[in-house]
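To keep things clear, I will list the structure first and then write my remarks on it.
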Ligand SMILES: [Zn+2]
């Protein structure tokens, strides 16, 4: 589709590449129409102009090796029950379906799996998720899988091993989107070597501005962009500024003592450990300095300088992070971000690209 044929309802078309909202919706008391707390629900989406969202089915690696698949299926069913069945949003698997949802003013919901441990080393299970309409797999979360190294773990495979290479090759053949957020640099390099398809880093920032392994170095930003890929900037202050990351790291030392105790007492109960980890994360993985949208736009600026205006967009990580830039508390504040981009000198067209059109055009490359 040519750009001018795409007619979003509002001038501001907002499309974000990553949120963990489904994880919170599993709670039986949680209603997507209007939630207490959290970052994303129907009412706030409408207020902020959010028209399309990639919803991650995030499963804590603690569920590996044999309970992650069940957890992912429960998350999938939660989306069905809490968002699709009441008609708050509709599942989309290509931009034609997305156009249809946008025309009918229904939230267009893309689905992704986060991370690779969920498929239990099976290409058949990967293909099963593909047939359920899940278009994207984040290769790792914060731990290595049996076939790919994570940026949050010690190197085990030097990137992708033989199985990992088979998995990404199969993803390319079946037009599944390879998401390299959380993966180690070596893993991203392996993906770039083995495949020729555009790839995405759905929720990653620039390492040049915040020097942590979880962020992307300029070399990889450049390669992803040259391949017509996509980089969604993550709103988490801990990934925006190294000083905040360092503050959070110091707080985590407290977390670690309690964490080890929980792992000892509750080994074999991933539901308990996952909930406890999430509570500890909420409490401790937090910095002391306030951050506003300026810091986020610094990352957008940098990625554009390295990769050009067409490769960057949103990867909020809403509902997966415990703090946000002060003037971007939830999805209802997206117009503030658009205003600030314009204030930083971006044209209307450029602002629209960053707020959603770049992601739309990235995904269009995978249409059947
Ligand atoms: Zn993530």
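Residue numbers (this note's numbering): 1094 to 1461.
For each residue, glycine too, the CB sits at the ideal point set by N, CA and C.
Start and end residues, beta strand (DSSP E) containing residue i
{"i": "residue 1201", "result": "1200-1207"}
{"i": "residue 1148", "result": "1143-1151"}
{"i": "residue 1407", "result": "1405-1407"}
{"i": "residue 1108", "result": "1107-1112"}
{"i": "residue 1272", "result": "1270-1272"}
{"i": "residue 1230", "result": "1229-1231"}
Alpha carbon of residue i to alpha carbon of residue j, nearest angstrom
{"i": "residue 1346", "j": "residue 1354", "result": "13 angstroms"}
{"i": "residue 1425", "j": "residue 1254", "result": "42 angstroms"}
{"i": "residue 1319", "j": "residue 1226", "result": "28 angstroms"}
{"i": "residue 1218", "j": "residue 1341", "result": "37 angstroms"}
{"i": "residue 1203", "j": "residue 1144", "result": "11 angstroms"}
{"i": "residue 1193", "j": "residue 1245", "result": "39 angstroms"}
{"i": "residue 1453", "j": "residue 1279", "result": "28 angstroms"}
{"i": "residue 1128", "j": "residue 1141", "result": "15 angstroms"}
{"i": "residue 1399", "j": "residue 1314", "result": "7 angstroms"}
{"i": "residue 1448", "j": "residue 1358", "result": "45 angstroms"}
{"i": "residue 1262", "j": "residue 1288", "result": "6 angstroms"}
{"i": "residue 1067", "j": "residue 1251", "result": "Because the chain in this structure spans residues 1094 to 1461, residue 1067 falls outside the shown range and cannot be described."}
{"i": "residue 1178", "j": "residue 1171", "result": "10 angstroms"}
{"i": "residue 1456", "j": "residue 1350", "result": "43 angstroms"}
{"i": "residue 1174", "j": "residue 1326", "result": "29 angstroms"}
{"i": "residue 1438", "j": "residue 1421", "result": "19 angstroms"}
{"i": "residue 1265", "j": "residue 1290", "result": "6 angstroms"}
{"i": "residue 1108", "j": "residue 1146", "result": "5 angstroms"}
{"i": "residue 1396", "j": "residue 1311", "result": "8 angstroms"}
{"i": "residue 1414", "j": "residue 1110", "result": "15 angstroms"}
{"i": "residue 1393", "j": "residue 1406", "result": "8 angstroms"}
{"i": "residue 1155", "j": "residue 1260", "result": "22 angstroms"}
Cβ-heavy atom distance, residue i to ligand 1, below 7 angstroms
{"i": "residue 1410", "result": "yes"}
{"i": "residue 1283", "result": "no"}
{"i": "residue 1325", "result": "no"}
{"i": "residue 1224", "result": "no"}
{"i": "residue 1234", "result": "yes"}
{"i": "residue 1210", "result": "no"}
{"i": "residue 1220", "result": "no"}
{"i": "residue 1207", "result": "yes"}
{"i": "residue 1454", "result": "no"}
{"i": "residue 1449", "result": "no"}
{"i": "residue 1245", "result": "no"}
{"i": "residue 1413", "result": "yes"}
{"i": "residue 1416", "result": "no"}
{"i": "residue 1275", "result": "yes"}
{"i": "residue 1132", "result": "no"}
{"i": "residue 1116", "result": "no"}
{"i": "residue 1395", "result": "no"}
One or two residues paired with residue i in a DSSP bridge
{"i": "residue 1161", "result": "Per DSSP, none; premise fails for residue 1161."}
{"i": "residue 1180", "result": "BP columns for residue 1180 are empty, so no partner."}
{"i": "residue 1323", "result": "1293"}
{"i": "residue 1411", "result": "1112"}
{"i": "residue 1039", "result": "Within the shown structure, residues of the chain are numbered from 1094 to 1461, placing residue 1039 beyond reach of any answer."}
{"i": "residue 1299", "result": "1309"}
{"i": "residue 1253", "result": "1241"}
{"i": "residue 1276", "result": "1243"}
N- and C-terminal bounds of the alpha helix (DSSP H) containing residue i
{"i": "residue 1370", "result": "1363-1377"}
{"i": "residue 1245", "result": "Neither: residue 1245 is in no alpha helix (DSSP H) and is coded neither H nor E."}
{"i": "residue 1341", "result": "1335-1358"}
{"i": "residue 1223", "result": "1216-1224"}
Between the segment 1114-1123 and the segment 1148-1162, can you find at least three pairs of beta-carbon atoms closer than 8 angstroms?
Under the three-pair Cβ rule at 8 angstroms, the segment 1148-1162 counts as touching the segment 1114-1123.
Could you tell me whether the segment 1268-1288 touches the segment 1375-1394, where touching means 3 or more Cβ pairs closer than 8 angstroms?
Contact fails: fewer than three Cβ-Cβ distances are below 8 angstroms.
Evaluate contact between the segment 1362-1370 and the segment 1326-1333, counting only Cβ atoms and requiring at least three cross-stretch pairs below 8 angstroms.
Segments in contact, no.
So, do the segment 1236-1243 and the segment 1204-1223 have three or more beta carbon pairs nearer to each other than 8 angstroms?
Between the segment 1236-1243 and the segment 1204-1223, the count of Cβ pairs shorter than 8 angstroms is three or higher; the stretches touch.
Should the segment 1283-1300 be called in touch with the segment 1403-1419, which here means at least 3 C-beta pairs below 8 angstroms?
Touching, yes, given that three or more Cβ pairs across the two stretches are closer than 8 angstroms.
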